[in-house]
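One point on numbering: in my numbering, the residue at position 120 of the sequence shown is 120, and numbering is uninterrupted. Note that CB positions come from ideal geometry on N, CA and C, so glycine has one too. Please read all numbers here as calculations on a predicted model, not as lab measurements.
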Amino acid sequence: SKAKLFDEKTDVKTSFKDVAGLEGAKEEVQEIVDFLKQPEKYTALGGKIPKGALLVGPPGTGKTLLAKAVAGEAKVPFFSLSGSDFVEMFVGVGASRVRDLFKQAKDKSPAIIFIDEIDAIGRARGKNNFSGSNDERENTLNQLLTEMDGFGTNTNVIVIAATNRADVLDKALMRAGRFDRQIYVDLPDVRERKEIFEVHLRPIKKDEGLDTDFLAKQTPGFSGADIANVCNEAALIAARFGKKSVGKQDFLDAVDRIVGGLEKKNKIMT
Ligand code: ATP
1 SKAKLFDEKT
11 DVKTSFKDVA
21 GLEGAKEEVQ
31 EIVDFLKQPE
41 KYTALGGKIP
51 KGALLVGPPG
61 TGKTLLAKAV
71 AGEAKVPFFS
81 LSGSDFVEMF
91 VGVGASRVRD
101 LFKQAKDKSP
111 AIIFIDEIDA
121 IGRARGKNNF
131 SGSNDERENT
141 LNQLLTEMDG
151 FGTNTNVIVI
161 AATNRADVLD
171 KALMRAGRFD
181 RQIYVDLPDV
191 RERKEIFEVH
201 LRPIKKDEGL
211 DTDFLAKQTP
221 GFSGADIANV
231 CNEAALIAAR
241 FGKKSVGKQD
251 FLDAVDRIVG
261 GLEKKNKIMT
């Protein structure tokens, strides 16, 4: 049996309400939602709908979440794949798999294709890479470029890609009509961290009056993914002590745990 090429979700429930902070990025992708919902409104005036947008930013800042929210808001199917899984799994057949992916998305259009870690496929051609053969990866990249160029103006498939290494990407990807829109998704500031806590505290039974300003101040440098982790850890810690709700100290202990984990990870990486 064939390894799974991509994931397809048709009834995406994620919406902009699930994405805290990132006001600028949300504004920019709102336009993509509008294109998907009412393409005629734009093409009637002779405009060409963009085919791709690149989300650039550090890990865990909500790039995948934001792309999924675009699909949820526009009520279109969400095809997603990871660039690094892709080059590892489809040695020798990458290009034909890219063709399959676009064919399926076009059949179900309007649709979003989301490519996480696009740098694994889209590294500048002719430079060394360490996973598999370069020719193979270049074939896959070339096919991706061909597919994006080949969309008619009214196929209404928009490709959103994410990377934390925009600097290594092949410039051909950024050319007009491809990923010509770049949207920055940064680590949250203190006000955004508070909002992210509020999103992830929704399902949690917490002490009354738990101070989210305080939690935001205790977590400088944390990404949205780290904060989601803190909230979950805090609930597990409180449960272990048989508590009926999650309190400030549980969050502080969870923060310590996550900080410990991050330090370990950084040590391994450097
Ligand atoms: P990577 O580069 O590692 O793929 P990413 O930027 O795509 O990371 P996501 O996978 O979207 O990050 O984030 C992981 C999880 O962290 C999300 O599913 C969500 O629970 C939480 N999260 C991250 N950013 C936010 C945010 N801005 N608002 C709410 N939750 C967030």
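Buried or exposed for residue i, please, with buried defined as at least 16 other CB atoms from any protein chain shown within 10 angstroms of its CB.
i	result
ASP250	buried
LYS41	exposed
LYS4	exposed
ASP241	In the sequence as displayed, the identity of residue 241 is Phe instead of Asp. Per the 10 Å Cβ criterion, exposed.
THR14	buried
ALA239	exposed
GLU195	buried
VAL255	buried
LEU236	exposed
Compare the C-alpha of residue i against each of the options and name the closest.
i	options	result
GLY62	LYS17, VAL98, GLY260 and PHE102	LYS17
VAL93	LEU141, PHE35, ASP256 and GLY72	LEU141
PRO77	ARG193, ALA225, VAL157 and ILE227	VAL157
LYS51	GLU147, ALA124 and LYS248	GLU147
ASP100	LEU144, ALA254, ASP119 and ALA124	LEU144
LYS37	GLY47, LYS75 and GLU27	LYS75
GLY21	THR43, ASP34 and LEU65	LEU65
ASP116	PHE102, LYS106, VAL98 and LEU81	LEU81
SER84	VAL70, ALA111 and ALA161	ALA161
ARG191	LYS265, LYS48 and LYS217	LYS217
Would you give the residue range spanned by the alpha helix (DSSP H) that residue i belongs to?
i	result
VAL230	224-240
LEU66	63-74
LEU81	Premise fails: LEU81 lies in the beta strand (DSSP E), 78-82, not in any alpha helix (DSSP H).
ALA95	94-107
LYS194	190-201
THR212	212-217
Please list the terminal residues of the continuous beta strand (DSSP E) segment that includes residue i.
i	result
LYS276	Since the first residue of the chain shown is 1 and the last is 270, residue 276 is not available in this structure.
ARG181	181-184
PHE114	111-116
In this structure, what does DSSP give as the bridge partners for residue i?
i	result
ILE32	Paired residue(s): none; ILE32 is not in a bridge.
VAL56	THR163 and TYR184
ILE158	ILE112
VAL246	LYS206
LEU45	Looking at the DSSP assignment, LEU45 forms no beta bridge with any residue, so it has no partner.
Measuring only the C-alpha atoms, how far is residue i from residue j?
i	j	result
GLU233	LEU215	14 Å
LEU55	THR163	6 Å
PHE86	ARG175	23 Å
SER1	GLU88	Low confidence applies to SER1: its pLDDT is 42, below 50, so where it sits in the model is not reliable enough to give any reading.
LYS171	ASN139	16 Å
ALA225	ALA95	32 Å
GLY72	VAL33	9 Å
ASP7	ILE112	12 Å
ARG257	ALA44	55 Å
Would residue i pass as an interface residue toward chain B - the criterion being a Cβ-Cβ separation below 9 Å?
i	result
GLY24	The question asks about chain B, but that chain is absent: this structure has only one protein chain.
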